[in-house]
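Under full-length UniProt numbering, the first residue of the sequence shown is numbered 1, with each subsequent residue one higher.
Using N, Cα and C, we set each Cβ at its ideal position, and we do this for glycine too.
Take a look at the structure set out below.
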Amino acid sequence: MTGVPAFGSAAPAPLRIGNASGFYGDRFDAFREMLTGGPLDVLTGDYLAELTMLILGRDRMKDPARGYARTFLRQLEEGLGLALERGVRIVSNAGGLNPAGLADAVRELAARLGLSVRVAHVEGDDLRERAVAAGWGDGVLTANAYLGGAGIAACLRAGADVVVTGRVTDAALVTGPAAAHFGWAPDDWDALAGAMVAGHVLECGAQATGGNYAFFREHDVRHPGFPLAEIHADGSAVITKHPGTGGAVTVGTVTAQLLYETAGPRYLGPDVTARLDTVRLAQDGPDRVRIEQVRGEAPPPDLKVGITRLGGWRNEVGFVLTGLDIEAKADLVRAQMDAAFERAGRCPAEVRWTLARTDHPDAAVQEEAGALLRLVVRDGDPEAVGRVVSGAAVELGLAGYPGFHLTAPPGKGAPYGVFQAEYVAAGSVRHTAVLPCGARVELQPAPSGRERLEPPAETGVPGARRLSGARSESPAGPGLPQPLPERDSLPGALSVRESLREPLLEPSPVRDSLREGPGELPRVRESLREPSPGSVSLPEPLPEGPCRRAPLGLVAGAR
């Protein structure tokens with residue numbers, strides 16, 4: 001056991017920071033596993049994604065006292081006493097849209113458990129009141145700036161045992177404790193950049209220890225442990241995990257996570273800009289990877305603001321097509337549904353069909369015999385995507401193609417959300433640390449000190465084509481689209497296997513033959529019906545780029 005870290009001491013020892021959550025709904029037991037599995041100084045939990053903010057926004061609409069990740073409280077109920085006993089500080093962004101409310105709930109929980117705990121929180125990221133004046137559009141549900149780790153550092157220096165935040169960058173959960181522990185100045189760019197890179201590796205939990213790993217067959221990843229970082233005073237770190245836990249920590253697993261959601265050699269953040277082309281990775285023993293020589297530059301002057309709103313209503317129906325004449329059966333379904341919309345006098349504003357040729361000839365089991373025809377509709381009116389769609393699909397049961405069946409009974413329409421990013425001057429955001437004593441400390445934005453380092457070197461390796469207009473999910477600051485990181489931009493990293501280097505497809509409203517082999521039918525076909533005359537254009541749920549689409553309300557395993 002390392003004991004209570006002496007935040008701000010003259011010659012502090014390396015800081016052991018663990019992660020117990022990569023998203024809202026991640027492994028519930030990880031919190032306890034990290035506390036009992038070995039020594040730690042700080043335990044972090046990342047609960048926020050863009051979709052999560054949308055879901056928390058709907059929670060807040062129902063009850064203004066909510067808006068935070070309630071799973072965190074249940075985990076804390078099991079682990080708070082153990083953390084206090086072992087001197088482990090807890091830092092989490094589970095506060096979501098209501099960090100003050102979560103801080104109060106933690107105090108109430110501690111009182112109920114008979115524990116004396118010093119709780120602090122960070123706020124100031126909520127910019128919803130600016131939405132109209134800033135021209136961010138109507139119906140804004142959430143608008144949150146991505147803050148850095150300075151507020152977390154202030155809370156820890158004031159003696160907090162638990163720090164909860166609203167929207168901060170994922171890496172801030174590590175840069176904040178590291179800056180507090182080592183007493184780094186706001187312009188210690190290299191040290192901060194090293195901690196930022198370590199934080200980026202930790203932020204997605206088991207994704208750094210073999211989860212979601214392309215070469216998963218090389219390791220036992222049935223139950224990967226969660227990662228931790230041993231951070232040193234110069235910002236270098238060793239990524240590892242508790243002894244005896246599953247998964248693996250290798251240069252390959254760390255590289256895979258390091259390249260996740262990055263675009264180009266400059267990784268922008270509100271604390272620092274990390275130069276990914278300076279990172280050096282080396283195996284430092286079994287399940288230990290050293291990260292060193294990371295250089296940093298001043299952060300951009302602006303902060304990214306993540307904005308969510310309700311975009312409209314959607315519904316979907318999955319038709320299973322088996323046997324012969326798959327294409328003709330798909331055409332029949334489309335024609336019958338179009339006719340049903342016309343008879344009802346109401347067609348959804350957007351009608352999108354996708355035919356996936358998942359069927360196999362002479363299939364051994366039923367599941368391999370069917371192609372999937374997926375209908376997705378969207379409209380601003382829930383009635384236009386409700387019974388009009390589900391009823392029309394069900395009524396084809398005895399009047400449609402031979403072998404008619406659906407993947408699931410269709411239901412009512414569901415709301416979907418829209419995400420967009422804007423930028424504001426860092427100095428215009430009131431980044432505030434509310435200390436355990438109740439004092440409020442407003443943090444200044446990071447200084448714009450050192451000139452930029454030398455430009456990134458050309459690698460000579462051709463990059464993959466990017467989706468048109470795609471940008472990185474950088475947490476702060478505007479930037480031009482840059483190519484994806486080259487496979488050898490991180491010296492010492494595993495090379496990307498040539499079999500994985502496939503060009504990215506340009507987006508198109510109608511895509512045919514996305515996957516087509518010699519002499520084969522197109523395996524996937526997508527078509528978008530032209531909007532009805534006079535219909536209103538609907539907002540896309542997510543911008544182009546490295547984002548994932550998901551219906552509102554779908555967070556796997558969230559409790």
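Rounded to whole angstroms, residue 243 and residue 37 show a C-alpha spacing of 7 Å. Residue environment for residue 443: buried (at least 16 other C-beta atoms within 10 angstroms of its C-beta).
Looking at the DSSP output, residue 45 sits in a beta bridge with 92.
Of 258, 436, 79, 113, the smallest CA-CA separation from residue 289 is found for 258. Here DSSP, grouped into helix, strand and coil, assigns residue 308 to strand. Contact check between the stretch 220-228 and the stretch 145-165: fewer than three CB pairs, one atom from each, fall below 8 Å, which does not count as touching. Going by C-alpha positions, residue 273 is about 12 Å away from residue 262. Counting only the Cα atoms, residue 149 lies some 12 Å from residue 157. Distance between residue 370 and residue 328, taken at the CA atoms: about 14 Å.
Of 230, 42, 138, 84, the smallest CA-CA separation from residue 14 is found for 230. Going by beta carbons, residue 23 and residue 47 fall inside the 8 Å limit.
Ranked by Cα distance from residue 140, the first of 189, 409, 61 is 61. For residue 189, the secondary structure class from DSSP, reduced to helix, strand or coil, is helix. Within the stretch 104-139, the runs of alpha helix (DSSP H) that reach at least 4 residues and sit entirely inside it are, in chain order, 131-134. As DSSP reads the structure, residue 430 sits in no beta bridge. In chain order, 275, 295, 297 place their CB closer than 7 Å to the CB of residue 453, counting only its own chain and leaving out the 5 sequence neighbours on each side. Counting only the Cα atoms, residue 322 lies some 9 Å from residue 366. Inside the stretch 343-414, DSSP marks whole alpha helix (DSSP H) runs of 4 or more residues at positions 387-394, from first to last along the chain. Rounded to the nearest whole angstrom, the C-alpha separation of residue 134 and residue 56 is 23 Å. Each residue's CA atom was taken as its position, placing residue 357 and residue 372 some 7 Å apart.
Residue state for residue 182 is assigned as helix, using DSSP reduced to three classes. In the DSSP assignment, the residues bridged to residue 419 are 308. Beta-carbon to beta-carbon, residue 170 and residue 147 are separated by about 12 Å, too far to satisfy the 8 Å threshold.
Going by DSSP, residue 442 is part of the beta strand (DSSP E) stretching over 440-442. Secondary structure of residue 162 (DSSP, three-state): strand. In the three-state scheme derived from DSSP, where H, G and I count as helix and E and B as strand, residue 275 is classed as strand.
In the three-state scheme derived from DSSP, where H, G and I count as helix and E and B as strand, residue 230 is classed as strand. Here residue 447 carries a coil assignment [DSSP, helix/strand/coil].
Three or more beta-carbon pairs separated by less than 8 Å link the stretch 111-129 to the stretch 75-89, which places the two stretches in contact. Annotation for residue 254: the continuous alpha helix (DSSP H) segment containing it runs 251-258.
The stretch 208-222 makes contact with the stretch 247-255, as at least three CB pairs between them are under 8 Å. Per DSSP, reduced to three states, the secondary structure at residue 281 is strand. Ranked by how close their Cα comes to the Cα of residue 203, the residues 66, 326, 70, 45 have 45 in first place.
Counting the other CB atoms within 10 Å of its CB gives residue 428 a total below 16, which places it among the exposed residues. Considering only 396, 152, 182, the residue with the shortest C-alpha distance to residue 431 is 152. The beta-carbon distance between residue 344 and residue 388, rounded to whole angstroms, is 5 Å. This is short enough to meet the 8 Å contact definition.
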